[in-house]
Amino acid sequence: MAIDREKFPPLYRTVANNDDGLESHSYVPGGLDVLTSHPLEDAPGANPEQFIGLALSTCLNATLEAIEKKRELPHTSQVHTIVEMARDRRGFQFYLTAEVKLPGVDAETANAMVDLAERRCPVAKLLGGSDNVQVRLVQEFTPVTAIDAD
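Read in the numbering used here, the sequence shown has 19 at position 19, and its numbers run on one by one without any break.
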């Protein structure tokens, strides 16, 4: 469902550019400039999988921080997003698992906070309709072993 842009006009606008493809760089004019590379090649640079993981981790944790502040709790939340790329029938797809830790918060409160954050975080809302995206509360982060490009 589209949002009424007249009723809810943008509060912030930027542009993120990539002019030369995957083996180049992505940039925000006058700001961030990141070398990019293919995730299956052993070359320096970041890739779309990492960008989407960072976007979800950062936005979700910022939303949790606001919820903690409103509840007068110290900011203890941490979000680690595991991003995996796999083949499918038409090419590739991503799997994202955002793991959330809320040290010092009881399980019932933590679950309610994660649910609220998932409903409020703009990136989580954008990705929320996908079966390939999960947000879950954890006591410990899952150890992640990289899959080499070989």
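Ideal placement from N, C-alpha and C gives every residue a C-beta, glycine not left out. A quick note: this is a predicted structure, and the numbers were derived from the prediction, not measured.
Backbone secondary structure at residue i - three-state DSSP
i    : result
D115 : helix
A43  : coil
T109 : helix
V15  : coil
G30  : coil
T142 : coil
L96  : strand
Residue span of the alpha helix (DSSP H) that contains residue i, given as start and end
i    : result
T58  : P48 to K70
L22  : Where L22 is concerned, there is no enclosing alpha helix (DSSP H), given that its DSSP letter is neither H nor E.
L127 : P122 to L127
Residue interval of the beta strand (DSSP E) (run including residue i)
i    : result
V105 : Element bounds for V105: n/a, residue is neither H nor E.
A86  : Q78 to D88
R5   : R5 -> no beta strand (DSSP E), and no H or E assigned at all.
L137 : V133 to L137
V34  : D33 to L35
Residue from the options whose Cα sits closest to the Cα of residue i
i    : options                 : result
I67  : G53, L35, T109 and M113 : M113
E23  : L11, E140, D4 and N47   : N47
N18  : L35, E6, P10 and S130   : L35
A146 : Q50, L32 and N111       : Q50
A110 : G21, T76, G91 and D88   : T76
L54  : V79, P143, K69 and L73  : V79
R184 : V135, K70 and F141      : Outside the shown range of the chain, which is 1 to 150, sits residue 184, and nothing can be said about it.
Presumed contact (8 Å Cβ cut-off) between residue i and residue j, rounded CB distance
i    : j   : result
V133 : L96 : 5 Å
L64  : A16 : Incorrect: roughly 24 Å between the Cβ atoms, too far for contact.
I52  : F94 : 7 Å
Cβ-heavy atom distance, residue i to the ligand GTP, below 6 Å
i   : result
L64 : With respect to small molecules bound, the structure shown includes none, and the ligand GTP cannot be examined in it.
*asked:* Three or more C-beta pairs under 8 Å: does that hold for the stretch 81-91 against the stretch 26-34?
replied: Short answer: they don't touch.
_Three or more C-beta pairs below 8 Å linking the stretch 101-115 and the stretch 31-40_ = No, they do not touch.
*Assess, as a yes-or-no matter, whether the stretch 108-127 is touched by the stretch 54-66 under the definition of 3 or more beta carbon pairs within less than 8 Å.*
With a cut-off of 8 Å, the stretch 108-127 and the stretch 54-66 count as touching, because enough Cβ pairs lie within range.
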